[in-house]
Amino acid sequence: MPPVSPHRKPENPRHGFGNPPWARRLRVVAMIVLGMVAPSIAAAGDATEAVDLRAARIVASGIEARDVHVVARARADGALVVEVRIASAQWSTLDLQAKDAVWRCVAPPSAAPARRQPTSCEGPLSLGGRAAGRLAIDLGDRPVGRWDGRNAGLVLSAGEAGWGVDLARIPLRWLDAFWRRTLGMSPAEGTATGAGHIDPDGATPLSTDLRLSGLAFDSPDGLTAAAGVAGRLRLAMPRTAHGSRFRIEGRWTGGEVLVAPVYLVAPSGGAAFALDLRVANGRVDVDRFDWRDGATLVASGRAGRVADGGWDRLDLDLRSGDLGALASRYLGGVLGPAGVGGLVLAGAATARIAADGRGLDRFAVAFDGASAADPKGRFALAGLDGGLRWSRRGDVESALSWRSAALYGIGLAPSTLPFRGEAGQLRLAAPVAIGVLGGTLDLRHLEWRPPQDDAGVTMRLGFALRDLDLASLSQRLGWPPFEGKVGGELPDASYAGNRVVFDGGLRMDLFGGAIRIDDLALERPFGVAPSLAADVRFDDIDLAPLTRAFGFGEITGRLDGRVRDLRLVDWSPVSFDARLLTDRQWPGRRRISQRAVRDISELGGSGLVAGVQARLLRTFDDFGYDRIAIGCVLRGGICRMSGVSRRGEGYVIVQGAGLPRIEVVGFRREVDWSTLVERLVSATSGGPVRVE
Numbered sequence: 015m016p017p018v019s020p021h022r023k024p025e026n027p028r029h030g031f032g033n034p035p036w037a038r039r040l041r042v043v044a045m046i047v048l049g050m051v052a053p054s055i056a057a058a059g060d061a062t063e064a065v066d067l068r069a070a071r072i073v074a075s076g077i078e079a080r081d082v083h084v085v086a087r088a089r090a091d092g093a094l095v096v097e098v099r100i101a102s103a104q105w106s107t108l109d110l111q112a113k114d115a116v117w118r119c120v121a122p123p124s125a126a127p128a129r130r131q132p133t134s135c136e137g138p139l140s141l142g143g144r145a146a147g148r149l150a151i152d153l154g155d156r157p158v159g160r161w162d163g164r165n166a167g168l169v170l171s172a173g174e175a176g177w178g179v180d181l182a183r184i185p186l187r188w189l190d191a192f193w194r195r196t197l198g199m200s201p202a203e204g205t206a207t208g209a210g211h212i213d214p215d216g217a218t219p220l221s222t223d224l225r226l227s228g229l230a231f232d233s234p235d236g237l238t239a240a241a242g243v244a245g246r247l248r249l250a251m252p253r254t255a256h257g258s259r260f261r262i263e264g265r266w267t268g269g270e271v272l273v274a275p276v277y278l279v280a281p282s283g284g285a286a287f288a289l290d291l292r293v294a295n296g297r298v299d300v301d302r303f304d305w306r307d308g309a310t311l312v313a314s315g316r317a318g319r320v321a322d323g324g325w326d327r328l329d330l331d332l333r334s335g336d337l338g339a340l341a342s343r344y345l346g347g348v349l350g351p352a353g354v355g356g357l358v359l360a361g362a363a364t365a366r367i368a369a370d371g372r373g374l375d376r377f378a379v380a381f382d383g384a385s386a387a388d389p390k391g392r393f394a395l396a397g398l399d400g401g402l403r404w405s406r407r408g409d410v411e412s413a414l415s416w417r418s419a420a421l422y423g424i425g426l427a428p429s430t431l432p433f434r435g436e437a438g439q440l441r442l443a444a445p446v447a448i449g450v451l452g453g454t455l456d457l458r459h460l461e462w463r464p465p466q467d468d469a470g471v472t473m474r475l476g477f478a479l480r481d482l483d484l485a486s487l488s489q490r491l492g493w494p495p496f497e498g499k500v501g502g503e504l505p506d507a508s509y510a511g512n513r514v515v516f517d518g519g520l521r522m523d524l525f526g527g528a529i530r531i532d533d534l535a536l537e538r539p540f541g542v543a544p545s546l547a548a549d550v551r552f553d554d555i556d557l558a559p560l561t562r563a564f565g566f567g568e569i570t571g572r573l574d575g576r577v578r579d580l581r582l583v584d585w586s587p588v589s590f591d592a593r594l595l596t597d598r599q600w601p602g603r604r605r606i607s608q609r610a611v612r613d614i615s616e617l618g619g620s621g622l623v624a625g626v627q628a629r630l631l632r633t634f635d636d637f638g639y640d641r642i643a644i645g646c647v648l649r650g651g652i653c654r655m656s657g658v659s660r661r662g663e664g665y666v667i668v669q670g671a672g673l674p675r676i677e678v679v680g681f682r683r684e685v686d687w688s689t690l691v692e693r694l695v696s697a698t699s700g701g702p703v704r705v706e
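What follows is the structure, given as structure tokens:
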């Protein structure tokens, strides 16, 4: 047979070479092997002839190669030297692509004299002008292809139906385009080792059983990410007319994963998972999802994710027999932003949750002997039973009860709260009276509405306090040991957009008078640096028990006053305009003790008006007064002081009346706020008090 001209067109342009069986096998094996790692290859020729073949396009076993050029020449020793150049190749199943592939190999002569065709070829492979390991093909009865790279390898062997694949530390970043198309994210690190099966014409074109190591990935929006992931993964890709299908199961044994807002670290014993995925037209549907982490969490469900990353369908069944492990292992990313990081949970619970594109559609949560304790001591619950149910569409009823509870160390009697879900909200079905500190907390209304469409979560609350024991309350809150009763009312408070607004104000009956707080608003109540704004008014507060309780000497009379534009950040005052003054219309005796005079003098940085007054202090136990007033406008950490009236460069704090007569004048108009607080603490040493 004469040599083939280098410019001669092949008779079969689709394949680009003749029909010998060994040549067809070489073509398929080589294309599959290189299709897993880079480009396709076409090779042909007779072992004793020079061949120069070109093909514009070759398609075989789901792999497509373009601009293929094969040159094969026989050496004197009978070996065949082959060079294959492929401009571009791709395997659409896994979105694998490569350009400028060059494979140079040597096929030794056949050991059998009667057999002229070569049975193997081995040599270096390069991609894009860079070395890419070595590729060897054995064309025996069961063709085998082997690729060896730096710290990685791949073996492809022909079987009765398709091809078997053995992988060793294959970089997962090779699947970057596939991950982006199907899951919207990209693997940055990690390797896969294991086995697989490729059957392009079968019902399941691809299946694998892999061990993953060091997997890291993230999504463009940063809401999904992973690092150091390790585990077992079995993957099958059944044939489908549209998009891609995946059946996945395995076990997660190492690393960390973020699926915002949930952040997970692999449990010490690992966690088993399984899911069925469908990916088409930018949409991901989870037809089945199962997760098992011992008694900590058993979950199942289904979900649908649209192209923009949002979920338009979510159904979950959750069960935990160990809420303590659940909180530490799964809920840290949820509880922290909610202001209850480190929450200690115990007991068991189940939940069923459904959501769609608008938000939460329905849920049912049930507790069995559960407990919760805030590490900051703000609240605690024990013996929590029953549950909560809510549906966007229908009316449902539920009840939640506890054996014991506390708010800021204040115990709440065992109670049951009945709830009703209707009109898209969960509300208290009837008012509930809860025993607290010998009195009653009347919970009048409580409403909760989950996020819907563009609106966030909202809450409303209204309650009244009746006859609480003030001595017990003082002890719990670290106040001076007041005695008596206290009551109050909060008609309505609403929460929306991480802000609490108190409609109707807050009123408390205390020391024979009343304290009213208006325009009260609280931002980030459970977040970082919570802030509070309010206007406070004092009306007819009995000064005698108040001053005795704070160890501030003793003053008789009644106190009025106001604090305007009060603003606290992280519970510390940063600005206000305060003025406290005695009621001149009060008909009783208005007396101030010697101790109170000294303490007020220290508080205002004052000096007594005349030296004779110092002698009066040593002579008399108390003094009459006409008015007492003190004011502070706090801005930028400096308090601008004022009193009853001006007195030269100073201001009168205590205006005397009758005999013996004494006045207290402050001489420093501006006082550092921290210094003023230190003086106040120094001036108050505590003391018993009884409130009637």
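Residues 15 to 706, numbered by my numbering, are exactly what the sequence shown covers, in order. Heads up, the beta-carbon is just placed ideally off N, CA and C, and yes, glycines get one too.
By the neighbour-count criterion, in which 16 or more other beta carbons inside 10 Å mark a residue as buried, arginine 641 falls on the buried side. Within the stretch 514-545, the complete beta strand (DSSP E) segments of 3 residues or longer fall at 520-524 and 527-537, listed in chain order.
For aspartate 635, the closest alpha carbon among the candidates Arg605, Gly657, Met655 and Val273 is that of Arg605.
Counting along the chain, the unbroken beta strand (DSSP E) around tyrosine 639 starts and ends at 636-649.
The beta carbon of alanine 191 is closer than 6 Å to those of Asp109 in its chain, skipping five residues each way along the sequence. In this model, aspartate 553 and arginine 521 are separated by some 11 Å (Cα to Cα).
At the C-beta level, leucine 229 and proline 201 come within 8 Å of one another. Judged by beta-carbon spacing, serine 545 lies within the 8 Å limit of valine 583, meaning their Cβ atoms are closer than that value.
As summarised for the stretch 311-336, there are no continuous alpha helix (DSSP H) elements at least 4 residues long confined to that stretch. By the Cβ neighbour-count rule, glycine 236 is exposed, with fewer than 16 other Cβ atoms within 10 Å of its own.
A contact between stretches requires three or more CB pairs, one per stretch, nearer than 8 Å, and the stretch 163-170 fails this requirement with the stretch 282-291. About 22 Å separates the beta carbons of glutamate 461 and arginine 480, which is beyond the 8 Å limit, so they are not a contact pair. Here DSSP, grouped into helix, strand and coil, assigns phenylalanine 192 to helix. At a Cβ-Cβ threshold of 8 Å, valine 542 and isoleucine 529 do not count as neighbours. Around arginine 538, the same chain offers Asn512 and Pro544 as residues with beta carbons nearer than 6 Å, after the five sequence neighbours per side are excluded. Per DSSP, the unbroken beta strand (DSSP E) holding leucine 479 starts and ends at 472-483. Per DSSP, valine 348 is one residue of the alpha helix (DSSP H) stretching across 346-349. Separation of serine 607 and glutamate 568 (C-alpha to C-alpha, rounded to the nearest whole angstrom) is 5 Å.
Exposed is the label assigned to tyrosine 422, since fewer than 16 other Cβ atoms lie within 10 Å of its Cβ.
Between the C-alpha atoms of glycine 178 and aspartate 81 there is a straight-line separation of about 28 Å. Segment contact: the stretch 401-417 against the stretch 425-442, three or more CB-CB distances shorter than 8 Å; contact assigned. Straight across, the Cα-Cα distance linking alanine 384 with leucine 224 is about 40 Å. Of the residues assessed, lysine 390 falls on the exposed side of the cut-off, its CB having fewer than 16 other CB atoms within 10 angstroms.
Cα atoms of tyrosine 665 and isoleucine 676: separation of roughly 14 Å, rounded to the nearest angstrom.
By the neighbour-count definition (other C-beta atoms within 10 Å, threshold 16), serine 688 is an exposed residue. Here the alpha carbons of arginine 164 and leucine 153 stand approximately 25 Å from one another.
Put simply, of Ala175, Thr107 and Ala209 the residue whose alpha carbon is nearest the alpha carbon of leucine 189 is Thr107. Of the other Cβ atoms in all chains shown, 16 or more fall within 10 Å of the Cβ of threonine 561; this residue is therefore buried. Annotated as proximal: valine 298 and arginine 319, with beta-carbon spacing under 8 Å.
Beyond the five residues adjoining it in sequence on each side, alanine 255 comes within less than 7 Å, by CB distance, of no other residue in the same chain. In terms of Cα proximity to alanine 363, the closest of Gly353, Leu457, Ala378 and Ala206 is Ala378. Pairing arginine 148 with glycine 159 gives a Cβ-Cβ distance that is not under 8 Å. In this model, serine 221 and tryptophan 161 are separated by some 20 Å (Cα to Cα). In the DSSP assignment, leucine 421 falls within the unbroken beta strand (DSSP E) covering 418-421. The residue from Leu311, Phe590 and Ala368 with its alpha-carbon nearest to that of alanine 285 is Leu311. Judged by DSSP in its simplified three-state form, glutamine 489 adopts helix.
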